[in-house]
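Asker: Starting off with a structure, shown below.
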Amino acid sequence: MFRSATAKLTLWYVLLASCLCILFSAVVYHLSTEELGEALNHQYNSFVDNDHDKDNIPPPHSDIQRHGRHLLGELLWLNLAVIAGSSAVGYFFARRTLKPIEYAHQAQTRFTAEASHELRTPLAAMRADTEVALMEKGLPVKTRRTLQGNLRDIARLEKLTGNLLDIARYQNKTAAERVLLDLDEIVQNVTRQLDHAAQEKHIRIKQNVRPTQVIGDQHGLQQLVTIVLDNALKYSDKQGTVTVSLRTDEATALLTIKDDGIGIPSNDLSHVFERFYRSANTKSDKKAASGYGLGLPLAQEIASAHSGMIHISSREHSGTTVRITLPLAHAQ
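Under the working numbering, the letters of the sequence shown match residues 1 to 332, in that order.
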C-alpha cells in the first residue's frame, strides 16, 4: 500500500517540477528567439543601409533558426535533467512524508493483532464455562436463555477477533504458503457449506463453474468466497436467486456472485471496503445487524494478497454483483 502511495506522490512531484520546467523553458525560448531575432534584424538593417559596396549581405533568418535549434536542444537536455533530478528528490521527499504515516499504520496493525490475539484466550474460557453451565440439569428457563444469549455473543466476538487477526496477517504479508489450488472446487465446497442457509430462505443458487487453477492460500481463498457468498444470501429476499459463475480468460480467473436482494445505496457504495462500515439499509435487518462490517475489508485484503481485485456494483432494491479477479496459475 505504501509503495503505491510513494510512487503516486513521487509522480505528482515529478509532474509538478516538469510542468514548471517546461513552462520556464517555453518562456525562455520565446523571449530568447524573439530578442535574438530583433537584434539580428536590426543589425542586418543597419548593414544594408550602410552597405555602399553592395556586398549583398544575406538576411539573418538562417542564423536565427540555427540558434533557435541550438537553444531548443539545450532546453531539452535541461528538462531531462530536471525530470531525472526531480524523480530522485521527489522519491526522497515522498518517503519522508509518508514515513510517519507508515509507522502509525504499522503500530495500529500490531495493536489490532495483539489485542485480538489476547482476547482469544478469555473468550475461549468464557465459551467453555458457558457450555458447561448449559449442560447442568434443572436450569431455570430464564437462566438458560441468558446463557444461550451469552454464547451467541461470545461467538460473535470470536468471529470479530478472528477477522481482525486475519486482516492484520494479510496486511503484514504473513499469509500461509501458496500452493496450486482448484478454485472451482473451493467455490463448490463453500456453496455446499452454505446450502443450509440458502434453503432456510428458499433461495436458489445457480452455478456455472468451470475448472480453474490458481496459486494461493486455501484457507484465505475459502474465506474470500465464503464472505461474498454469505453476504449474497444474507441480503437476498426469500425465494430469491443467487448466481455463482467462474470463468477464465488467457491469464485471469473471474468469479462473479450476483444476487437480487436489497442492494447497496449509491451513497454507501464507495465505503463498503472501510472497516466497521455498514450500509444504512442493513441496520433494520436482524441477521445483517449481527455483522461488524469487517467481511468485505477482509475480502479485499485477501484478494490483494493474491494479486487480485474485488469490485462491487449495486443498486438499491435491485441486487448486488461482486466480481473477483485472480491471476491463473500458469500466468504467475
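Cβ atoms here follow ideal geometry from the backbone N, Cα and C, with glycine treated the same way.
With 16 as the cutoff for other CB atoms within 10 Å, does GLN223 come out buried or exposed?
Answerer: Looking at its Cβ environment, which holds 16 or more other Cβ atoms inside 10 Å, GLN223 is buried.
Asker: I need the DSSP call for VAL272, collapsed to helix, strand or coil.
Answerer: Coil, per DSSP.
Asker: Please classify VAL242 as buried or exposed, where buried requires at least 16 neighbouring CB atoms within 10 angstroms.
Answerer: It is buried - the Cβ of VAL242 has at least 16 other Cβ atoms within 10 Å.
Asker: Would you decide whether ASP153 is buried or exposed? Buried here means 16 or more other CB atoms lie within 10 Å of its CB.
Answerer: Classification for ASP153: exposed.
Asker: Return yes when the Cβ of ASP249 is within less than 9 Å of the Cβ of GLY319, no when it is not.
Answerer: No. Outside cutoff.
Asker: Assuming VAL225 and VAL179 form a contact by the criterion Cβ under 8 Å, report the distance between their Cβ atoms to the nearest whole angstrom.
Answerer: Going by Cβ atoms, the distance from VAL225 to VAL179 rounds to 17 Å, so no, they are not a contact pair.
Asker: Starting from the C-beta of SER313, find all residues in its chain whose C-beta is less than 7 Å away, skip the five residues before and the five after it, and write them out in chain order.
Answerer: Closer than 7 Å at the Cβ level, and outside the excluded window around SER313, lie THR321.
Asker: Comparing alpha-carbon positions, which option in THR256, TYR103, GLY216 and TRP77 lies nearest ILE22?
Answerer: Nearest of THR256, TYR103, GLY216 and TRP77 to ILE22, Cα basis: TRP77.
Asker: If you count every other CB in all the chains shown that lies within 10 Å of the CB of TYR103, and 16 or more means buried, which is it?
Answerer: TYR103 is exposed by the Cβ-count criterion.
Asker: Can you give the beta carbon distance from VAL209 to VAL244, rounded, assuming they're within the 8 Å contact cut?
Answerer: Right, their Cβ atoms sit about 7 Å apart.
Asker: Could you give the C-beta distance for TYR29 and LEU80, rounded to a whole number, given that I count them as a contact under 8 Å?
Answerer: With 8 Å as the limit, TYR29 and LEU80 do not qualify as a contact, their Cβ atoms being about 15 Å apart.
Asker: Look at the alpha carbon of ALA133 and the alpha carbon of ARG120, and state the distance between them as a whole number of angstroms.
Answerer: Cα to Cα, the separation comes out at about 20 Å.
Asker: With a cut-off of 8 Å, do at least 3 Cβ pairs link the region 261-280 to the region 130-144?
Answerer: Short answer: they don't touch.
Asker: How close, in whole Å, do the beta carbons of VAL187 and LEU328 come, if the pair is a contact with beta carbons under 8 Å?
Answerer: In fact, because the Cβ distance is near 15 Å, the residues do not count as touching under 8 Å.
Asker: Starting from the N-terminal side, write out each stretch of the alpha helix (DSSP H) that is 4 residues or longer and does not extend beyond the region 208-235.
Answerer: Runs found: 218-234.
Asker: Is the beta carbon of LEU233 less than 9 Å from the beta carbon of LEU246?
Answerer: Not in contact: LEU233 and LEU246 (Cβ atoms no closer than 9 Å).
Asker: Among the candidates ARG169, ALA128 and PRO211, whose CA atom is the shortest distance from the CA of ASP217?
Answerer: Considering only alpha carbons, the answer is ARG169.
Asker: Tell me whether the beta-carbon of TYR13 lies closer than 9 Å to the beta-carbon of VAL89.
Answerer: Taking 9 Å as the Cβ cut-off, TYR13 and VAL89 qualify as a contacting pair.
Asker: In its own chain, which residues sit with a C-beta less than 7 Å from the C-beta of GLY293, not counting the 5 before and 5 after it?
Answerer: Excluding sequence neighbours, GLY293 sits near ARG275, PHE276, TYR277 and ARG278.
Asker: Does DSSP put LYS258 in a helix, a strand or coil?
Answerer: Looking at LYS258 - three-state DSSP - the assignment turns out to be strand.
Asker: Return the CA-CA distance between ILE302 and LEU71, expressed in angstroms with no decimal places.
Answerer: Each residue's alpha carbon lies about 54 Å from the other.
Asker: For GLN239 versus ILE203, is the C-beta distance shorter than 9 Å?
Answerer: Cβ distance < 9 Å, so GLN239 and ILE203 count as in contact.
Asker: Determine the DSSP secondary structure at HIS202, reduced to helix, strand or coil.
Answerer: Coil, per DSSP.
Asker: Should ASN267 be labelled buried (16 or more other beta-carbon atoms within 10 Å of its own) or exposed?
Answerer: Counting Cβ neighbours within 10 Å, ASN267 comes out exposed, since fewer than 16 surround it.
Asker: Does the Cβ-Cβ distance between ASN150 and MET126 come in under 9 Å?
Answerer: It is a contact, given that the beta carbons lie within the stated cut-off.
Asker: What is the DSSP secondary structure of SER304, reduced to helix, strand or coil?
Answerer: SER304: helix per DSSP, three-state reduction.
Asker: Buried or exposed: which applies to ILE300, given that a residue is buried once 16 or more other Cβ atoms fall within 10 Å of its Cβ?
Answerer: Reading off the sequence shown, one finds Gln at residue 300, where the question assumed Ile. Under this definition GLN300 is a buried residue.
Asker: For HIS330, which three-state DSSP category applies?
Answerer: Residue state, collapsed to three classes: helix.
Asker: Output the residue ranges of the beta strand (DSSP E) runs that lie fully inside the region 65-130 and measure 3 residues or longer, sorted by chain position.
Answerer: Taking only runs of at least 3 residues, no beta strand (DSSP E) segment lies wholly in the region 65-130.
Asker: Which residue's Cα is closest to the Cα of ALA17: ALA115, MET135 and ALA84?
Answerer: Minimum Cα distance to ALA17 is reached at ALA84.
Asker: So, for LEU147: in the same chain, excluding its five sequence neighbours on each side, which residues have a beta-carbon less than 6 Å away from its beta-carbon?
Answerer: Closer than 6 Å at Cβ, skipping near neighbours: THR130, ALA133 and LEU134.
Asker: Just to confirm my understanding: we take LYS201, look at its own chain, exclude 5 residues before and 5 after, and list those with CB closer than 6 Å. What are they?
Answerer: Counting only Cβ-Cβ distances below 6 Å, and skipping sequence neighbours, we find LYS238.
Asker: Here's a check: name, in chain order, each residue in its chain whose Cβ is nearer than 7 Å to the Cβ of SER32, leaving out the five neighbours to either side.
Answerer: Within the same chain, SER32 has close Cβ partners LEU71.
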